[in-house]
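Student: Just passing along the structure, written as structure tokens.
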Amino acid sequence: MRRRRASDWSYSIVLGMLAALGFTILVGPVVIVLLTSFTEGRSIKFPPSGLSLQWYRLLFDPVRSSQIHRAAMNSLEVALIAMASATVLATLAAVGLARRRGAWVRAVDTFFMSPMILPMLAFGLAALMYFTFMGFRPSLALIAVGHVVVISPLVLRTTAASLSQLDPALLESSASLGAGWLYTFRRVTLPVIAPGIAAGAFLAFVASLDNVPVSLFLAGPRSDMLPIRIGLRRADRDGAGADAGDGAGGRPHATLAWMTLMRQP
Amino acid sequence: MTGTRGHTLDIVAVTHRYGAVTAVADVSLAVRAGEIVALLGPSGCGKTTLLRVVAGFVRPQAGSVRIDGAAIDGLPANLRNVGIVFQNYALFPHMTVAQNVAYGLEARGRPRAEVRRTVETFLDVVRLGDFRDRLPRQLSGGQQQRVALARALAVEPTVLLLDEPFNALDKGLRLDMQIEIKRLQRQFGLTAILVTHDQDEAMSVADRIAVMNHGRVEQFDTPVNVYDRPATLFVSGFVGTTNLLRGRALEAKNGCAVVTLDAGARLTVRTERAFTAGVPVVLSARPEQLCLYTAPAPERWSVTRRLSVPLGPNTMHDLETRDGATLKLIEPRHAYGVDAKEEVWCGLRPEAEPGLFDASSI
Ligand SMILES: Nc1ncnc2c1ncn2[C@@H]1O[C@H](COP(=O)(O)OP(=O)(O)OP(=O)(O)O)[C@@H](O)[C@H]1O
Ligand SMILES: [Mg+2]
């Protein structure tokens, strides 16, 4: 065995420390919240005072947590619909733009990607004004439409990336074997880029599920969304649910919600 | 196998440009039914482009492609029934060997029983029956290539196009696959075009060779004629090894030209070309067309030997002429024992027919 040199060791140590730091920052909060949720007490404290499942019992209680249940169902429904629509639209867009050059192709690509650059809050507000002007009332369907706009770029990017990996000789082989473009798309292109589409769809689903800025503006009185319910509405409700806190008022939570808003690009 | 056997392919005055680059310049080739033609030429000379024109992936700016006399220029690639095997095989990575071979038949909507039967037949033809359920990445390079061949042949193409199909294979396997292609081509009476920049491959596999340079076909002839009677200076240099000797033409008549070489000799060479007296010429002589002598003569020129190395059953001499040109000469090893110290003269073998070209064509 070759002896490891000092530089190798210091490399490993620095790398290990960076990994530990990243892990602490990224995973730590989740672990702490998870542990805290088993608390016996009525306040959010770490370490939790005693263990119990009381908050989970409350969370799954159909009557006392009905509002949060409805919000969760709304969020899931919107996320599924938005993901499906965004996946179809963005995949078609990616296929249409693949392997083409020229000014207009780049322009269209930039246009499709623009929701990622635009602050979502601005888009949410603009969408609300626009849809109101058009005569639509805020609703779940409107939220889904808004989500499609902001999550499509995720699918577009991952699908475009796997399309650029697709060997054009595969398509030419298919054509020389007598297959038309639709047959080629179905039997060659789609299976080969499927992992990219799936990755994009997953990202899109998650992005829709925890989207606050767009939902905030497009939500109507009957379309309560889970992240908003958890984050914003907590303070002025009677506190049923897992987020029932220490009674220090809405301030910290509102701050948290605004931070969530501002974090979005 | 009626679809495969015996189709002619005519490429008529095809020109294709990519922007300012002329990739194929006014190429015409008449490929006979059941013939295998090699497109041979240096990198970038337009071989792939010409192949893509035939396959229908590229629409040429001018010219026409005909199969059995009928123009196919208006047909998209998927209606041409022209098979192609790519250098990297381009097997569908998510399909098994059998699914790859079945693909073309399914795309044409053939009945399932027929597809299964044809797949079996062609897996047997390329001897891959035991590998039917493997994915392409679980196969060796040679096996992948055989799958690509079976896949292309299963749809009974009128013409088979092969773009440097042996490049990714090591030497031994390459020879096996060359024999395999030749065997399949004979068995099915295939009309085929093989793109290569390996002259040995072109010589051994092809019935005729089209030597290309800068988008043009410089010579289209049998391997023996391309080697023995190169039409241009480029062909003589690209196919096989050759020695170039500069000189001047003195007179040319009755199919013979008298030439004085700068190296100091006066030769009579058979040639069909006409040369005006005094014009600079280049004599292109193969290493095996030269011979060493121990005595001077008007048609021999003096050389100094720099190196002699054994080459299989032969000896290769590296020579330098008086005017500074270097020559390669090959002779049977023990045919002629010249002492290293001796002064030697180089001349043409009596039966040799070297090429004579206008020097302005360099
Ligand atoms: N898609 C393209 N766009 C622009 N120029 C191209 C394109 N394809 C080929 N060319 C140019 O056309 C010329 C001929 O290319 P081609 O690929 O036909 O050469 P080749 O003989 O197949 O070479 P090689 O032996 O390297 O494969 C080259 O100068 C090449 O740079
Ligand atoms: Mg090429």
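So the sequence lines, in the order shown, correspond to chains A and B.
For the first sequence, the working numbering assigns the number 62 to the initial residue and increments by one for each residue that follows.
For the second sequence, the working numbering assigns the number -8 to the initial residue and increments by one for each residue that follows.
Glycine residues also receive a C-beta, built at the ideal position from the N, C-alpha and C atoms.
Just so we're clear, the structure is a prediction, and the values are computed from it rather than from any experiment.
Between the stretch 221 to 234 of chain A and chain B, which residues of the former have a C-beta closer than 7 Å to a C-beta of the latter?
Tutor: The stretch 221 to 234 of chain A vs chain B, Cβ under 7 Å: Asp228, Ala230, Leu231, Glu233, Ser234.
Student: Spell out whether any CB of chain B is found under 8 Å from the CB atom of glycine 239 (chain A).
Tutor: At least one chain B Cβ lies under 8 Å of glycine 239 (chain A).
Student: Using only Cβ atoms and a threshold of 6 Å, which residues come within that distance of a heavy atom of ligand 1? Order them by chain position.
Tutor: This criterion selects B:Tyr9, B:Val12, B:Ala14, B:Gly32, B:Ser34, B:Gly35, B:Cys36, B:Gly37, B:Lys38, B:Thr39, B:Thr40, B:His188.
Student: Does the beta carbon of valine 186 (chain B) fall short of 7 Å from some heavy atom of ligand 2?
Tutor: Yes, ligand 2 has a heavy atom inside 7 Å of this Cβ.
Student: Between glutamate 155 (chain B) and ligand 3, is there a pair consisting of the residue's CB and a ligand heavy atom that are separated by less than 7 Å?
Tutor: With respect to ligand 3, the structure offers nothing, as its ligand set consists of ligand 1 and ligand 2.
Student: Can you list the residues of chain B that valine 249 (chain A) reaches, using a CB-CB cut of under 7 Å?
Tutor: Simply Phe83.
Student: Quick check on the DSSP output: what are the complete beta strand (DSSP E) runs of length 3 or more inside the stretch 223 to 266 of chain B, in order along the chain?
Tutor: Segments of the beta strand (DSSP E) lying fully in the stretch 223 to 266 of chain B: 234 to 244, 247 to 252, 256 to 261.
Student: Any C-beta of chain B within less than 9 Å: which residues of the stretch 243 to 270 of chain A qualify?
Tutor: So the list reads Tyr244, Thr245, Arg248, Val249, Pro252, Val253, Ala255, given in the order they occur along the chain.
Student: Below 7 Å CB to CB, which residues in the same chain sit around arginine 23 (chain B) once its five sequence neighbours on both sides are set aside?
Tutor: Only Thr(-1) meet the Cβ criterion.
Student: Quick one: measure Cβ to Cβ for valine 15 (chain B) and valine 44 (chain B), integer angstroms, because I've assumed they're closer than 8 Å.
Tutor: Indeed, because the Cβ distance is near 7 Å, the residues count as touching under 8 Å.
Student: Drop a sphere of 10 angstroms on the beta-carbon of asparagine 135 (chain A), count the other beta-carbons inside from all chains shown, and report buried for 16 or more, exposed for fewer.
Tutor: Under this definition asparagine 135 (chain A) is a buried residue.
Student: To be precise: take each residue of the stretch 124 to 142 of chain B, compare its Cβ to all Cβ atoms of chain A, and keep it if any distance is under 9 Å. Which residues remain?
Tutor: Hits within the stretch, in order: Ala139, Arg142.
Student: Check whether the stretch 246 to 260 of chain B and the stretch 213 to 229 of chain B are in contact - that is, three or more C-beta pairs closer than 8 Å.
Tutor: Output reads no: the stretch 213 to 229 of chain B does not touch the stretch 246 to 260 of chain B.
Student: Helix, strand or coil, according to DSSP, for aspartate 354 (chain B) in the structure here?
Tutor: This structure leaves residue 354 (chain B) out entirely; chain B is present only between -8 and 353.
Student: Comparing the C-beta of alanine 159 (chain A) with each C-beta of chain B, is any distance below 8 Å?
Tutor: No, alanine 159 (chain A) lies away from the interface with chain B (no Cβ there is under 8 Å from its Cβ).
Student: 8 Å is my cut-off, CB to CB: does alanine 236 (chain A) come that close to chain B?
Tutor: Yes - at least one Cβ of chain B is within 8 Å of the one on alanine 236 (chain A).
Student: I want to verify the contact list: residues of chain A whose CB lies under 9 Å from the CB of glycine 74 (chain B), in sequence order.
Tutor: Result: Ser237, Leu238.
Student: Do glutamine 136 (chain B) and methionine 86 (chain B) count as a contact pair if the criterion is CB distance below 8 Å?
Tutor: No.
Student: So, with DSSP's three-state summary, where would you put valine 49 (chain B)?
Tutor: Note: valine 49 (chain B) maps to coil in three-state DSSP.
Student: Quick one: measure Cβ to Cβ for methionine 288 (chain B) and glycine 238 (chain B), integer angstroms, because I've assumed they're closer than 8 Å.
Tutor: It is worth fixing the name first, because residue 288 (chain B) is alanine in this sequence and not methionine. No, alanine 288 (chain B) and glycine 238 (chain B) are not in contact; Cβ-Cβ is about 17 Å, not under 8 Å.
Student: Once DSSP output is grouped into helix, strand and coil, what is the label at proline 229 (chain A)?
Tutor: In the structure shown, proline 229 (chain A) sits in a helix (DSSP, three-state: H, G or I).
Student: List, from N- to C-terminal side, the alpha helix (DSSP H) runs of 4 residues or more that fit wholly inside the stretch 164 to 223 of chain A.
Tutor: If we require 4 residues or more, the alpha helix (DSSP H) runs fully inside the stretch 164 to 223 of chain A come out as 164 to 178, 181 to 194.
Student: Determine the chain A residues that contact tyrosine 94 (chain B) at a beta-carbon separation under 8 Å, and present them in chain order.
Tutor: Correct list: Ser235, Leu238, Ala240, Arg248.
Student: Is the Cβ of asparagine 69 (chain B) closer than 8 Å to any Cβ of chain A?
Tutor: Chain A contact via Cβ: present.
Student: Indicate whether at least one CB of chain A lies closer than 8 Å to the CB of phenylalanine 77 (chain B).
Tutor: For phenylalanine 77 (chain B), the answer is yes, since a Cβ of chain A falls inside 8 Å of its Cβ.
Student: Determine whether the beta carbon atoms of serine 19 (chain B) and alanine 4 (chain B) lie at a separation below 8 Å.
Tutor: The answer is yes: Cβ separation under 8 Å.
Student: Hey, would you say valine 335 (chain B) sits closer than 8 Å to valine 294 (chain B), going by beta carbons?
Tutor: Yes, Cβ-Cβ distance for valine 335 (chain B) and valine 294 (chain B) is below 8 Å.
Student: Hey, is phenylalanine 157 (chain B)'s beta-carbon within less than 8 Å of any beta-carbon in chain A?
Tutor: Closer than 8 Å: no.
Student: Counting Cβ pairs, one atom from each stretch, are 3 or more of them under 8 Å apart for the stretch 105 to 120 of chain B and the stretch 61 to 68 of chain B?
Tutor: No, the stretch 105 to 120 of chain B does not touch the stretch 61 to 68 of chain B.
Student: Whole alpha helix (DSSP H) runs in the stretch 62 to 145 of chain A with 4 or more residues, listed along the chain?
Tutor: Correct list: 67 to 97, 115 to 120.
Student: Tell me which residues share the same chain as arginine 71 (chain B) and place their Cβ nearer than 6 Å to its Cβ, disregarding the 5 neighbours each side in the sequence.
Tutor: Closer than 6 Å at Cβ, skipping near neighbours: Gly47, Ile63.
Student: Using a threshold of 8 Å, state whether the C-beta atoms of alanine 183 (chain B) and leucine 140 (chain B) are closer than that.
Tutor: Taking 8 Å as the Cβ cut-off, alanine 183 (chain B) and leucine 140 (chain B) do not qualify as a contacting pair.
Student: Verify the CB distance criterion: does arginine 103 (chain B) have a CB-CB separation below 8 Å to chain A?
Tutor: Judged by the 8 Å Cβ criterion, arginine 103 (chain B) is not in contact with chain A.
Student: Please list, in chain order, the chain D residues whose beta carbon lies closer than 9 Å to that of alanine 350 (chain B).
Tutor: The structure shown contains no chain D; the protein chains it does contain are A and B.
Student: Isoleucine 321 (chain B) bridges to which residues according to DSSP?
Tutor: The partner list for isoleucine 321 (chain B) (beta bridge, DSSP) reads B:Met307.
Student: Alpha carbon to alpha carbon, what distance is there between methionine 203 (chain B) and cysteine 36 (chain B)?
Tutor: Whole-angstrom Cα-Cα distance: 6 Å.
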